[in-house]
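A.B. asks: Below is one structure. I have some questions about it.
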Amino acid sequence: MSDTVIAVTPAVLFIEVGKGMKSGTATVTYTALNPMVLWQRLNLGVWTEVNLFATVGTVDADLKGSFVTPPLRPGDLLEFRSYFYRSVDPNGRTSERDLFTGAQVQALVSVPEEQPWITDQTTDVGGTFYRRIIATPPLFTAIHAEIGTGTPSRGTFGEMILPSVVATADSQLKQVHTVELLPLLAGQSYVCTVRINDAAGRWFTLVENLTTLLRTVTVDVASVFINNDGDGGGAGEAEFWITTYEGETEIDQIHFGDDENDVYTGTAVLLGNQIVRGPKVVTAADHDIGINAAGIEYDGFLEADEHANTWGHPPHLRRQLDFPAGSGRETLSQQYFQVPAVPGSVGDDFAFTVIGHYSVAYT
Numbered sequence: 002m003s004d005t006v007i008a009v010t011p012a013v014l015f016i017e018v019g020k021g022m023k024s025g026t027a028t029v030t031y032t033a034l035n036p037m038v039l040w041q042r043l044n045l046g047v048w049t050e051v052n053l054f055a056t057v058g059t060v061d062a063d064l065k066g067s068f069v070t071p072p073l074r075p076g077d078l079l080e081f082r083s084y085f086y087r088s089v090d091p092n093g094r095t096s097e098r099d100l101f102t103g104a105q106v107q108a109l110v111s112v113p114e115e116q117p118w119i120t121d122q123t124t125d126v127g128g129t130f131y132r133r134i135i136a137t138p139p140l141f142t143a144i145h146a147e148i149g150t151g152t153p154s155r156g157t158f159g160e161m162i163l164p165s166v167v168a169t170a171d172s173q174l175k176q177v178h179t180v181e182l183l184p185l186l187a188g189q190s191y192v193c194t195v196r197i198n199d200a201a202g203r204w205f206t207l208v209e210n211l212t213t214l215l216r217t218v219t220v221d222v223a224s225v226f227i228n229n230d231g232d233g234g235g236a237g238e239a240e241f242w243i244t245t246y247e248g249e250t251e252i253d254q255i256h257f258g259d260d261e262n263d264v265y266t267g268t269a270v271l272l273g274n275q276i277v278r279g280p281k282v283v284t285a286a287d288h289d290i291g292i293n294a295a296g297i298e299y300d301g302f303l304e305a306d307e308h309a310n311t312w313g314h315p316p317h318l319r320r321q322l323d324f325p326a327g328s329g330r331e332t333l334s335q336q337y338f339q340v341p342a343v344p345g346s347v348g349d350d351f352a353f354t355v356i357g358h359y360s361v362a363y364t
């Protein structure tokens with residue numbers, strides 16, 4: 002729902018009870034390209050539709066506007082949500098396919114105080130995720146976790162502020178929380194802050210420094226299958242380039258064949274080439290690994306040569322390998338892949354497919 006934006010300011014509302022304050026308000030702003038339906042709920046209760054025209058008071062209130070929330074007391078959580086499909090009612094049956102944009106405001110007391118609420122906790126750090134389980138029975142608590150880089154600082158009310166936030170996760174009032182923050186980059190140092198609050202708005206923050214595991218990627222380029230040799234009268238004669246990139250850097254190229262290298266439709270050329278990258282630290286610039294396949298079928302003087310490359314043209318386009326993030330998902334073993342090289346021009350027939358598999362491990 003990139004065409005709809007909802008924001009609540011502030012996202013955390015600190016109530017200065019020591020100065021006699023009992024409640025406070027926040028401001029909701031929103032914009033949408035198409036008429037929207039805005040839902041709200043307080044403290045995990047029933048979702049209710051906001052009458053935007055009555056609340057905002059403008060003729061285009063279903064497209065843009067702002068309004069002030071009702072007074073919120075410490076511990077209150079007010080959520081807002083707008084679905085891609087206007088017909089979705091969040092009180093009914095919904096699924097992950099029901100895309101929505103949301104925002105929320107959490108009201109807390111203004112002074113943090115360490116509490117003996119945690120009865121058990123565990124952490125798990127992978128190459129792409131940070132996972133934390135916190136138990137607070139018999140007390141019901143809520144958690145807001147952020148992970149990022151840099152040294153955190155304290156805000157006006159003692160809240161921890163990260164200079165650069167990579168991912169966030171929330172777990173609402175319950176006794177056992179599981180939060181997983183992703184995607185992270187392998188071998189990088191991060192700081193995670195976890196704010197815990199109860200229904201009365203009391204709160205404190207945990208801070209943990211961590212380093213994710215290193216990544217090793219093994220790519221086996223097994224064979225080239227000839228979908229069409231480009232020569233209806235017999236064998237084609239072809240030359241091939243199979244290039245592997247890490248980010249924008251070429252890390253391997255297989256080059257074979259020439260204008261006398263016979264290839265036949267329906268046959269395979271075995272390669273058995275292996276590329277190993279790691280264990281290594283991964284940055285945003287070299288996270289992706291992609292493969293480009295290109296070839297020429299030579300037709301001599303009577304016809305123009307036929308070109309084939311990955312996804313048609315331009316030839317620099319690549320088949321990117323998938324690197325899933327998360328606990329139980331990030332490690333892959335012998336994952337099958339195909340890199341198609343299709344005719345580069347209208348009327349050409351020459352086409353082939355690079356076949357292989359790859360594995361991903363974190364240590």
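If you read the sequence shown in the working numbering, its first letter stands for residue 2, the second for the next number, and so on.
We treat Cβ as the ideally placed atom computed from N, Cα and C, and that holds for glycine.
1. Measuring only the C-alpha atoms, how far is Thr5 from Ala33?
2. Label Pro344 either buried or exposed according to how many other C-beta atoms from any shown protein chain fall within 10 Å of its C-beta, with 16 as the threshold for buried.
3. From what residue to what residue does the beta strand (DSSP E) around Phe15 run?
4. Can you name, in chain order, every residue of its own chain whose Cβ lies under 7 Å from the Cβ of Asn92, other than the five neighbours on each side?
5. Going along the chain, which residues of its own chain have a beta-carbon closer than 6 Å to the beta-carbon of Met2, five neighbours each way excluded?
6. Whole angstroms is fine: what's the gap from Ser165's alpha carbon to Leu185's?
7. Measuring CB to CB, does Arg216 end up less than 8 Å from Tyr337?
8. Counting C-beta neighbours from all protein chains within 10 Å, is the total for Glu249 16 or more, i.e. buried, or is it exposed?
9. So, helix, strand or coil for Gly19, using DSSP?
10. Just the C-alpha distance for Gly231 and Glu181, rounded to the nearest angstrom, thanks.
11. Would you please state the rounded distance, in angstroms, between the beta carbons of Val369 and Arg87? I believe it to be under 8 Å.
12. Identify whether Val355 lies in helix, strand or coil by the three-state DSSP scheme.
13. Which whole-angstrom value describes the C-beta separation of Trp40 and Phe81, a residue pair presumed to lie in contact below a C-beta threshold of 8 Å?
14. When we look at the beta-carbon of Leu14 and count the other beta-carbons within 10 Å, is it buried (16 or more) or exposed?
C.D. replies: Quick answer:
1. Between the alpha carbons of Thr5 and Ala33 lies a gap of roughly 4 Å.
2. Its Cβ being crowded by 16 or more others within 10 Å, Pro344 is buried.
3. Segment Val13 to Ile16, the beta strand (DSSP E) holding Phe15.
4. Exclusion of the five residues before and after Asn92 leaves Val47 and Trp48 as the residues of its chain whose Cβ lies within less than 7 Å of its Cβ.
5. Interpretation of Met2 is limited by its pLDDT of 49, a score under 50 that renders its predicted location unreliable; the figure taken from the coordinates is listed afterwards. The beta carbon of Met2 lies closer than 6 Å to those of Phe85, Leu100 and Thr102 in the same chain, with the five residues before and after it left out.
6. For Ser165 and Leu185, the distance between alpha carbons rounds to 13 Å.
7. Going by C-beta atoms, Arg216 is not nearer than 8 Å to Tyr337.
8. With fewer than 16 Cβ atoms within 10 Å of its Cβ, Glu249 is classed as exposed.
9. Helix.
10. Looking at the two C-alpha atoms, the distance is approximately 51 Å.
11. Because the chain in this structure spans residues 2 to 364, residue 369 falls outside the shown range and cannot be described.
12. Note: Val355 maps to strand in three-state DSSP.
13. With 8 Å as the limit, Trp40 and Phe81 qualify as a contact, their Cβ atoms being about 7 Å apart.
14. Leu14 is buried by the Cβ-count criterion.
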